[in-house]
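In our numbering, the protein residues as written are 8 to 228.
Here it is in structure tokens:
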């Protein structure tokens, strides 16, 4: 795992800041360790601060009245989460749980707001990150509302290709059961779609590795 100041400096949230500010932010953060499957916060609890993933993975999700889970985001090393309500004092709008053993850095709300007030460049970085987060939400809403499940899966595989800078294959960053939740479907339906796409020559599946045989075909989906 990277040292804390290296992790902060390489994150989208703090990239470009001078090292004296990085060290100041580093001193403000509080390290917390979690076992796999541990709740970080619950929807509706007061937002005392926000987090950054130092190691491991965290899922952000909501639960329906019927107990169905809908994953909204999955965050990994260097990614912040829970930061939106910090600035307007509202409770956390969703739940956060670790997907693996994780170390998180917690930034207390009051102290961090003081730091942002004194450093306009930090505020601009946070605006950029929140804008990127909003764009991802908009894409997810579009996929869930307007596309059938095969189109959602194709969009996600294309997103991974872009993130992983590959054109021939991608590696799933979450188990298929969690991917089904992220795409708003069931694991059984997702398995059938993987099989159908394989039959059509679009992909072939090797464990967590998805080999892309027809990128243009995926885009047409």
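Don't be surprised by glycine CBs; every beta carbon is placed ideally from N, CA and C.
1) Using three-state DSSP, classify residue 218 as helix, strand or coil.
2) Return the chain-ordered ranges of every beta strand (DSSP E) run that is complete within the segment 66 to 153 and spans a minimum of 3 residues.
3) Write down the C-beta distance between residue 123 and residue 117 rounded to the nearest angstrom, noting that I regard them as a contact closer than 8 Å.
4) Under the three-state reduction of DSSP, which class applies to residue 21: helix, strand or coil?
5) Taking a contact to mean a Cβ-Cβ separation below 7 Å, would you say residue 63 touches residue 114 in this structure?
6) Using a threshold of 7 Å, state whether the C-beta atoms of residue 3 and residue 157 are closer than that.
7) Going by DSSP, name the residue or residues bridged to residue 38.
8) What span of residues does the alpha helix (DSSP H) with residue 202 cover, start to end?
9) Which residue or residues does DSSP assign as beta-bridge partners of residue 50?
10) In terms of alpha-carbon separation, which member of 121, 195, 89, 108 lies closest to residue 55?
11) Should residue 34 be labelled buried (16 or more other beta-carbon atoms within 10 Å of its own) or exposed?
12) Can we say the segment 11 to 27 touches the segment 40 to 53, given the rule of at least three CB pairs closer than 8 Å?
13) Cα-Cα, which of 216, 215, 217, 210 is closest to residue 224?
14) With a threshold of 8 Å on Cβ separation, who are the neighbours of residue 175 within its own chain once the five nearest residues in sequence on each side are excluded?
15) Please work out which residues of its chain come closer than 8 Å, Cβ to Cβ, to residue 104, disregarding the five sequence neighbours upstream and downstream, and give them in chain order.
16) Please identify the residue among 198, 178, 59, 177 whose C-alpha is closest to the C-alpha of residue 184.
17) Taking only the alpha-carbon atoms, compute the straight-line gap between residue 58 and residue 111 and give it to the nearest angstrom.
18) Among all the DSSP beta bridges, which residues are the ones paired with residue 213?
19) Assign residue 72 to one of two classes, buried (16 or more other C-beta atoms within 10 Å of its C-beta) or exposed (fewer than that).
The short version:
1) strand
2) List check, beta strand (DSSP E) in window: 76 to 82, 102 to 105, 109 to 115.
3) About 11 Å; that fails the 8 Å criterion.
4) coil
5) no
6) The first residue shown for the chain is 8 and the last is 228, placing residue 3 beyond what the model contains.
7) 112
8) 194 to 206
9) Answer by DSSP bridge pairing: none, since residue 50 is not bridged.
10) 89
11) exposed
12) With a cut-off of 8 Å, the segment 40 to 53 and the segment 11 to 27 do not count as touching, because too few Cβ pairs lie within range.
13) 210
14) Correct list, in chain order: 218, 219.
15) 44, 45, 46, 47, 65, 66, 68
16) 198
17) 6 Å
18) 216
19) Label assigned to residue 72: exposed.
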